[in-house]
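What follows is a short report on a single structure.
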Amino acid sequence: MEIFSPNKINRQTSRLIYAWLFFAVSTLIFAGIFAFLLAISRTPFVQGILPVKDYLHTALVTHVVLSVVIWFLAFEGVLWILTGTIFSKGDLFSIPLSWIGFCLSSGGTIIIIISGIRAWGEPLLANYIPVLTHPAFYTGLIMFASGIFLTIINSLLSIYKNLTNNRNESRSFITFIMGLTGLVVLIAFSCFILAHLFLPSDLNINTYFEKLFWGGGHILQFSNTFGMICAWILLSQIILNKSPMPDRPAKLFLLISFGFTIPAPLFYFSFDAIGMELRDWFTRLMQFGMGPPAGAFAIAVIIAIKSFKAEIKKLPWDKPGFSALIFSIILFSTGGILSLLIRGIDVKIPSHYHGVIGGVTLSFMGLSYYILPLLNRDIPDTKMAKIQPYLYGIGQMLFILGMFWAGTHGVPRKTYGEAQKLDDFVKLAGMGIMGFGGLIAILGGATFVLNILIPLLKRTKT
14 MEIFSPNKIN RQTSRLIYAW LFFAVSTLIF AGIFAFLLAI SRTPFVQGIL PVKDYLHTAL
74 VTHVVLSVVI WFLAFEGVLW ILTGTIFSKG DLFSIPLSWI GFCLSSGGTI IIIISGIRAW
134 GEPLLANYIP VLTHPAFYTG LIMFASGIFL TIINSLLSIY KNLTNNRNES RSFITFIMGL
194 TGLVVLIAFS CFILAHLFLP SDLNINTYFE KLFWGGGHIL QFSNTFGMIC AWILLSQIIL
254 NKSPMPDRPA KLFLLISFGF TIPAPLFYFS FDAIGMELRD WFTRLMQFGM GPPAGAFAIA
314 VIIAIKSFKA EIKKLPWDKP GFSALIFSII LFSTGGILSL LIRGIDVKIP SHYHGVIGGV
374 TLSFMGLSYY ILPLLNRDIP DTKMAKIQPY LYGIGQMLFI LGMFWAGTHG VPRKTYGEAQ
434 KLDDFVKLAG MGIMGFGGLI AILGGATFVL NILIPLLKRT KT
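Using the numbering used here, the letters of the sequence shown correspond one by one to residues 14 to 475.
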């Protein structure tokens with residue numbers, strides 16, 4: 014499509030897109046290493062290979078932060094650069110500010126990775142953003158968040174400047190959705206700050222981090238979902254040559270969803286920061302504000318695909334962007350359905366959110382292939398590229414279904430090795446399927462990294 018032409022961007026913008034894409038994909042290398050250790054630790058018969066329990070929790074903390082927080086926001090960094098340039102038909106507000114944001118985020122991530130490898134501090138498995146209790150890890154998180162903050166501010170200022178200069182031109186829907194995504198992240202950051210200010214100073218450290226990240230962590234899921242919807246729309250435009258939904262209803266769905274995030278900071282002024290009311294209200298925001306709009310876009314994409322080709326076998330199944338789009342919708346929808354079946358505190362809970370985050374991840378993976386031409390790189394046309402979304406999608410599906418099945422028999426969450434008490438067939442079979450699926454998904458992730466990094470490391474086309 015015209016908007017994805019390398020002729021539409023200048024040299025500085027190209028360098029920034031390259032930097033953010035390389036950074037985002039590179040984080041998956043380390044996320045995959047830690048995921049491999051975790052899959053081994055929960056797989057029957059081989060779970061005793063890594064007996065160091067404390068390090069497994071350190072690996073879990075680092076894996077989650079890299080794969081669910083940094084990978085998502087770093088890839089959205091690519092989209093914010095694109096939004097501030099080709100989608101809003103202009104230039105970035107400040108190139109130096111863009112590089113400062115990138116350097117802070119990438120530098121902070123390096124510190125986080127080193128903290129995980131060296132096992133600095135104690136691992137605390139707080140929901141949404143687990144931590145290692147060490148100043149270096151805290152510094153890395155703050156640096157990363159500061160870089161994202163500057164990147165969003167620069168993108169929003171770029172959107173305003175470019176739209177002001179192009180009042181008579183049509184406005185890109187991608188500019189609209191990524192502008193909202195940036196605002197959602199800023200709301201999430203404000204929730205983190207308010208939580209810190211309102212939490213009692215004498216809380217034990219476990220409770221402190223759980224309460225600190227609970228509210229903002231919920232709001233960040235809106236930004237992840239908006240980013241995924243943005244990727245769905247772009248993939249539909251590129252592969253199907255059409256948007257799945259007209260701009261007006263699409264904007265309405267997103268505005269309704271965005272509306273659920275606006276009152277979030279006010280909750281800290283209305284409810285006790287450590288009380289159940291505040292906790293429950295954030296849960297309700299996500300339950301009612303996130304699922305329906307995403308479901309509407311998923312249905313719209315499916316209808317667009319059906320109208321593109323009447324016969325299923327004639328669809329472009331060999332294109333990684335298309336298969337990634339399909340599996341993204343399947344995984345995200347499965348995760349949403351499983352959330353309705355959760356009862357109790359067991360591995361059904363992580364099976365649900367691994368479906369959702371798997372859907373977001375695959376949408377970003379699929380779109381990454383089509384960002385390469387912007388950087389004068391060819392989209393890989395190899396068997397490895399064609400099968401990559403299938404490896405990740407099928408592996409992740411086995412992972413979540415196996416885990417959910419084991420959860421129906423009470424396998425507790427956040428346990429490893431013998432603590433899982435795999436004492437019946439369903440527990441063993443379910444966690445075995447989970448381990449097998451996890452290894453396939455890791456292979457799919459590794460294949461994706463190779464598919465993107467190899468072209469990035471090659472010289473540009475002349």
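Yeah, the Cβ is synthetic: ideal placement off N, Cα and C, and Gly gets one too.
Helix, strand or coil for PRO143 per DSSP?
-> Taking the sequence shown and counting its residues from 1, the one referred to as residue 143 is at position 130. Note: PRO143 maps to coil in three-state DSSP.
Answer yes or no: do MET397 and ALA337 have a C-beta to C-beta separation smaller than 8 Å?
-> Sequence index remark: in the sequence shown, residue 397 carries index 384 (1-based). Sequence index remark: in the sequence shown, residue 337 carries index 324 (1-based). Taking 8 Å as the Cβ cut-off, MET397 and ALA337 do not qualify as a contacting pair.
Would you say the region 158 to 167 touches the region 193 to 211, given that touching needs at least three Cβ pairs under 8 Å?
-> yes
Would you check if there are 3 or more beta carbon pairs closer than 8 Å linking the region 72 to 89 to the region 38 to 47?
-> yes
Can you have a look at THR188 and say buried or exposed, based on whether 16 or more other CB atoms are within 10 angstroms of its CB?
-> As a first step, residue 188 must be located in the sequence shown, where it is residue number 175. That one is buried.
State the Cα-Cα distance for the pair GLY457 and ARG180, rounded to the nearest angstrom.
-> Position 444 of the sequence shown, counted from the first residue, corresponds to residue 457. Position 167 of the sequence shown, counted from the first residue, corresponds to residue 180. Near 44 Å, if we compare the C-alpha coordinates of ARG180 and GLY457.
Any non-hydrogen atom of the ligand ATP closer than 7 Å to PRO148 Cβ | The ligand ATP is not part of the structure shown, which contains no ligands of any sort.
Nearest-angstrom Cβ-Cβ length linking ILE455 and PHE49, presumed shorter than 8 Å | To locate residue 455, count along the sequence shown from 1; it is residue 442. To locate residue 49, count along the sequence shown from 1; it is residue 36. Yes, ILE455 and PHE49 are in contact; Cβ-Cβ is about 6 Å, under 8 Å.
GLN300 versus ARG472 - alpha carbon distance = Position 287 of the sequence shown, counted from the start, is the residue given in the question as residue 300. Position 459 of the sequence shown, counted from the start, is the residue given in the question as residue 472. Their backbone Cα atoms lie some 46 Å apart in a straight line.
Find the nearest neighbour of GLY7 within the set LEU34, ILE325, LEU328, LEU267, judged by alpha-carbon distance.
-> Because the chain spans 14 through 475 in this model, residue 7 falls outside it and cannot be assessed.
Cβ of LYS264 less than 8 Å from any chain C Cβ?
-> In the displayed structure, chain C is absent; only one protein chain is listed.
Taking 8 Å as the cut-off, decide whether the C-beta atoms of THR177 and ILE232 are in contact.
-> As a position in the sequence shown, residue 177 is number 164, starting the count at 1. As a position in the sequence shown, residue 232 is number 219, starting the count at 1. For THR177 and ILE232, no; Cβs fall outside 8 Å.
Apply the 10 Å Cβ neighbour rule to THR98 and answer buried if 16 or more other Cβ atoms are within range, or exposed otherwise.
-> Here residue 98 corresponds to residue number 85 of the sequence shown, with the count starting at 1. With 16 or more Cβ atoms within 10 Å of its Cβ, THR98 is classed as buried.
When burial is assigned at 16 or more other CB atoms within 10 Å of the CB, is TRP227 buried or exposed?
-> On the sequence shown, residue 227 is found 214 positions in, with the first residue counted as 1. So TRP227 counts as buried.
Would you call the region 142 to 162 and the region 97 to 111 in contact, with 3 or more CB pairs under 8 Å?
-> no
The region 313 to 332 / the region 245 to 264 touching (three or more Cβ pairs under 8 Å) = yes
Collapsed DSSP secondary structure at LEU34 in the structure displayed = Numbered from 1 along the sequence shown, position 21 holds the residue referred to as residue 34. In the structure shown, LEU34 sits in a helix (DSSP, three-state: H, G or I).
Going by the beta-carbon positions, is the gap between PHE340 and PRO402 smaller than 8 Å?
-> Locating residue 340 in the sequence shown gives position 327, counting from the first residue. Locating residue 402 in the sequence shown gives position 389, counting from the first residue. Cβ distance < 8 Å, so PHE340 and PRO402 count as in contact.
Taking Cβ to Cβ, would you say LEU248 is nearer than 8 Å to GLY334?
-> As a first step, residue 248 is located in the sequence shown; it is residue number 235 there, counting from the start. As a first step, residue 334 is located in the sequence shown; it is residue number 321 there, counting from the start. Cβ distance < 8 Å, so LEU248 and GLY334 count as in contact.
CB-CB length for ALA158 against PHE202, believed under 8 Å | On the sequence shown, residue 158 is found 145 positions in, with the first residue counted as 1. On the sequence shown, residue 202 is found 189 positions in, with the first residue counted as 1. Contact flag correct, Cβ pair sits at about 7 Å.
Which one of GLY368, LEU207, ILE246, ILE350 has the shortest CA to CA distance from ALA263?
-> Position 250 of the sequence shown, counted from the first residue, corresponds to residue 263. Out of GLY368, LEU207, ILE246, ILE350, ILE246 has the C-alpha closest to the C-alpha of ALA263.
Taking Cβ to Cβ, would you say SER118 is nearer than 8 Å to ILE172?
-> Counting from 1 along the sequence shown, the entry for residue 118 is found at position 105. Counting from 1 along the sequence shown, the entry for residue 172 is found at position 159. No, Cβ-Cβ distance for SER118 and ILE172 is not below 8 Å.
Is SER364 closer than 8 Å to GLY408 when the C-beta atoms are compared?
-> Sequence index remark: in the sequence shown, residue 408 carries index 395 (1-based). Sequence index remark: in the sequence shown, residue 364 carries index 351 (1-based). No, they are not a contact pair.
Three-state secondary structure assigned by DSSP to LEU328 | Here residue 328 corresponds to residue number 315 of the sequence shown, with the count starting at 1. If DSSP states are grouped into helix, strand and coil, LEU328 belongs with coil.
Alpha-carbon spacing of ILE200 relative to PRO278, whole angstroms = Residue 200 sits at position 187 when you count from the first residue of the sequence shown. Residue 278 sits at position 265 when you count from the first residue of the sequence shown. Cα to Cα, ILE200 sits roughly 7 Å from PRO278.
Hey, ILE465 and SER381 are a contact pair by Cβ (cut 8 Å); roughly how many whole angstroms apart?
-> Within the sequence shown, numbered from 1, the residue matching residue 465 stands at position 452. Within the sequence shown, numbered from 1, the residue matching residue 381 stands at position 368. Contact holds; Cβ gap of about 5 Å.
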